Amino acid sequence: MIAAAIDHTLLAATATEDDIRRLCAEAREWGFAAVCVNPLHVALAAVGVRASAVRVASVVGFPLGATTTAVKIAEALGALEDGARELDVVSAIGLLRGRAYGRYRDDLAAVIEVARRTRDVTVKVIIETGLLTREEKLIAAQAATEAGADYVKTSTGMLGGGATVEDLRLLRAALPLSVRLKASGGIRTLAQARALVEAGADRLGTSAGIAIARDERQGHVGEPSRAIERDED
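Residue numbering for the sequence shown is 417 to 649, as defined by my numbering.
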């Protein structure tokens, strides 16, 4: 089932506490893998999914990845303390584009090392594929692997495009099987979701999860979601 692969996402700046409560209730109802929220809302989300299989994910360095390593570490620690068990960490894209590959990897490794001190934490590294060349995508994937990432994630959904089948295939071929893939950005239909899973995605980040899951349940494919468009995933 596609629903079990979906991170039900709400990262909009306008999200209210009632919106987060609704997000959590929807995730429980539809059996989504996780809710993905900004650090401000992690504690509330942890309460909202309590006693369910839904995990709480939060973002680090979102959406630019351009904060310092120390700030990313503090953000990660705060989210974990509030109840997050998955962290979607935005990589320092400028370092990658500037060929400072060691600093790019070390920034990620420092955050991941801190996260590993908390039991049962999953770390996803966002590489922002829409901004990268083919060579840069491969370098980013290697660096994320060396840093200890559990997942490589295609994008924030806010900067330069979303997930594509081509990128998923490229990354899946380049990554060891121990590193999984999360596709995000612009996923609006069941047909898109299925194509990305077939290309290698283990998780899907989307704010259209209900429409996608409903279409799967009803046997529909391919029509654009009627979900409210949000500025993420």
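Beta carbons are placed, not taken as given, at the ideal position from N, Cα and C, and that holds for glycine. Since the structure is predicted, the reported quantities are computational estimates derived from the model, not experimental observations.
Alpha carbon of residue i to alpha carbon of residue j, nearest angstrom
{"i": "Val470", "j": "Gly576", "result": "29 Å"}
{"i": "Ala419", "j": "Asp435", "result": "20 Å"}
{"i": "Asp423", "j": "Arg619", "result": "7 Å"}
{"i": "Val475", "j": "Asp504", "result": "5 Å"}
{"i": "Ala459", "j": "Val595", "result": "28 Å"}
{"i": "Val465", "j": "Trp446", "result": "12 Å"}
{"i": "Arg532", "j": "Thr432", "result": "30 Å"}
{"i": "Thr534", "j": "Ala492", "result": "11 Å"}
{"i": "Phe478", "j": "Val506", "result": "6 Å"}
{"i": "Lys553", "j": "Gln608", "result": "21 Å"}
{"i": "Ser600", "j": "Arg630", "result": "19 Å"}
{"i": "Glu497", "j": "Arg513", "result": "33 Å"}
{"i": "Ala525", "j": "Thr484", "result": "13 Å"}
{"i": "Ala429", "j": "Ala624", "result": "17 Å"}
{"i": "Leu591", "j": "Asn454", "result": "28 Å"}
Candidates the options, of which the one nearest residue i by Cα
{"i": "Glu562", "options": "Glu433, Gly518, Gly464, Asp498", "result": "Gly518"}
{"i": "Glu632", "options": "Thr485, Phe478, Thr605", "result": "Thr605"}
{"i": "Glu509", "options": "Cys452, Val541, Thr622, Glu582", "result": "Sequence check: residue 509 is Ile here, not Glu. Among Cys452, Val541, Thr622, Glu582, the Cα nearest to that of Ile509 is on Val541."}
{"i": "Ala556", "options": "Tyr567, Ile543, Gly578", "result": "Ile543"}
{"i": "Leu548", "options": "Ala624, Arg515, Gly447, Leu496", "result": "Arg515"}
{"i": "Arg585", "options": "Gly625, Gly601, Ala617, Ile603", "result": "Ala617"}
{"i": "Glu614", "options": "Ala461, Asp583, Val539", "result": "Asp583"}
{"i": "Ala441", "options": "Thr430, Ala431, Ser468", "result": "Ser468"}
{"i": "Val527", "options": "Thr545, Arg535, Asp536, Val487", "result": "Val487"}
Beta strand (DSSP E) segment containing residue i, residue limits
{"i": "Ile422", "result": "422-426"}
{"i": "Thr538", "result": "538-542"}
{"i": "Asp504", "result": "502-506"}
Contact belief for residue i with residue j at Cβ below 8 Å, rounded distance in angstroms
{"i": "Ala500", "j": "Val472", "result": "5 Å"}
{"i": "Gly602", "j": "Gly573", "result": "7 Å"}
{"i": "Leu439", "j": "Leu426", "result": "5 Å"}
{"i": "Val539", "j": "Ala565", "result": "6 Å"}
{"i": "Leu612", "j": "Val568", "result": "13 Å between Cβ atoms; not a contact."}
Extent of the continuous alpha helix (DSSP H) to which residue i belongs
{"i": "Asp522", "result": "517-531"}
{"i": "Thr549", "result": "Note, Thr549: premise wrong, no alpha helix (DSSP H); not H, not E."}
{"i": "Ile509", "result": "509-513"}
**Study point:** Ordered list of beta strand (DSSP E) runs contained in the stretch 445-485, each at least 3 residues
**Key:** The stretch 445-485 is shown to contain whole beta strand (DSSP E) runs of 3 or more residues at 450-453, 471-476, in chain order.
**Study point:** Start-end ranges of the beta strand (DSSP E) lying completely within the stretch 578-631, minimum 3 residues
**Key:** 596-600, 619-622, all fully within the stretch 578-631.
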